[in-house]
Each structure stands twice: as C-alpha cells, then as structure tokens.
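A.B. asks: Each residue of the sequence shown is one higher than the one before, starting from 20 at the first, in the working numbering. This is the structure I have questions about; it appears just below.
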Amino acid sequence: MMDIAIGCDEAAFTLKETIRDFLAAEGHTITDYGTHDAAPVLYPDIAVTVAEAIKAGKHERGVLLCGTGIGVAISANKVHGIRAAQTHDTYSAERAMKSNNAQIITLGSRVIGPELAKTIVKAYLSSQFSGGPSAEKISRIAYYEERLPV
20 MMDIAIGCDE AAFTLKETIR DFLAAEGHTI TDYGTHDAAP VLYPDIAVTV AEAIKAGKHE
80 RGVLLCGTGI GVAISANKVH GIRAAQTHDT YSAERAMKSN NAQIITLGSR VIGPELAKTI
140 VKAYLSSQFS GGPSAEKISR IAYYEERLPV
C-alpha cells in the first residue's frame with residue numbers, strides 16, 4: 020500500500036471525495052490537501068502544495084483533480100523535479116508511471132465519471148517505472164530541468 024496525496028478544486032470536489040474514499044478502502048494512506056467543500060479556490064495553490072509535498076518525500080504519489088485535469092497538471096509541473104501527467108484512460112495512467120515515472124496523475128471531473136476515475140487511479144498505482152528505453156528519456160527531462168532557468 021502507498022502513501023498518496025490528493026487535491027482538487029471546487030469543480031472536482033465530489034470526484035475527489037469518491038477517489039479518496041476508494042483509495043482508503045483499498046488500504047492506502049491518504050493525505051487530503053483539499054479543497055474540502057465546493058467553494059471556489061485557486062487550484063494552482065493546491066496543485067503546487069501537493070507537488071511540493073511529494074518532492075519533499077512526504078508521499079509516494081499524488082492524484083490531482085480539476086474540471087479538465089489540465090490546470091492542475093500545468094501547475095504541479097511548475098515544481099522542479101515533478102512530473103504530473105494528465106490521464107483520462109487506463110492506458111495513459113499506466114504509461115504515466117511505466118514510461119514517464121510520473122509522481123502525480125491528474126484527472127478531469129468534467130471529462131470522466133467516477134467509475135472510470137477509479138480504474139484509472141488503480142491502473143496508475145498498480146504500475147511501476149520500467150526503465151529500459153524510457154530511462155534515458157527521463158534523464159534527458161531532468162537534464163533540461165537542471166539546465167533551463169527557473
């Protein structure tokens with residue numbers, strides 16, 4: 020079982036609650052970074068907080084949700100060393116980990132329903148980075164991350 024960080028904006032609050040409960044029932048340890056109700060919030064604040072917690076080693080992986088999954092992915096990827104992948108199917112969720120060693124996946128509550136979201140999260144958490152040809156590509160991402168200005 021894993022220690023997982025989860026967070027969302029108001030558009031994805033209901034789906035986040037569903038995924039949080041699903042993960043807890045699967046035996047994972049969950050830290051919920053909010054939002055905790057349907058009041059409007061700035062999703063970049065939550066996404067960056069989750070990404071920073073993962074970078075600091077507080078959690079093994081993360082799940083971020085917003086209306087499309089796009090905004091939280093962009094925001095989390097602003098944290099140096101974090102790879103957040105937008106996923107809307109089980110194949111992309113699996114590849115996010117196996118090929119890209121993504122610490123975070125993002126989901127869109129206006130794009131997918133709760134049952135599909137559960138299968139996507141499960142596919143991601145069941146996958147491990149496979150290395151192989153992808154290892155060189157991940158190293159190249161890290162190279163550019165170190166080389167380019169912050």
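Ideal Cβ positions, reconstructed from N, Cα and C, are used throughout, including at glycine. In this text, all values refer to a predicted model and were calculated from it rather than measured experimentally.
Chain C beta carbons: is any one of them nearer than 8 Å to that of residue 139?
C.D. replies: Here there is only one protein chain, and chain C is not present.
A.B. asks: Label residue 147 either buried or exposed according to how many other C-beta atoms from any shown protein chain fall within 10 Å of its C-beta, with 16 as the threshold for buried.
C.D. replies: Per the 10 Å Cβ criterion, exposed.
A.B. asks: Is the Cβ-Cβ distance between residue 35 and residue 23 less than 8 Å?
C.D. replies: No.
A.B. asks: The beta strand (DSSP E) with residue 50 in it runs from where to where?
C.D. replies: Its beta strand (DSSP E) spans residues 48-51.
A.B. asks: Quick check: the Cα distance between residue 58 and residue 29, rounded to an integer number of angstroms?
C.D. replies: Near 6 Å, if we compare the C-alpha coordinates of residue 29 and residue 58.
A.B. asks: Who are the near neighbours of residue 149 in its chain, counting only those whose CB is closer than 8 Å to its CB and skipping five residues on each side?
C.D. replies: Correct list, in chain order: 117, 118.
A.B. asks: Among 105, 48, 103, whose alpha-carbon lies nearest the alpha-carbon of residue 77?
C.D. replies: The option with the nearest alpha carbon to residue 77 is 48.
A.B. asks: If you compare alpha carbons, which of 112, 126, 145 is closest to residue 27?
C.D. replies: Of the candidates 112, 126, 145, the one whose C-alpha sits nearest the C-alpha of residue 27 is 126.
A.B. asks: Contact between the segment 96-107 and the segment 65-84: three or more CB pairs below 8 Å?
C.D. replies: Short answer: they touch.
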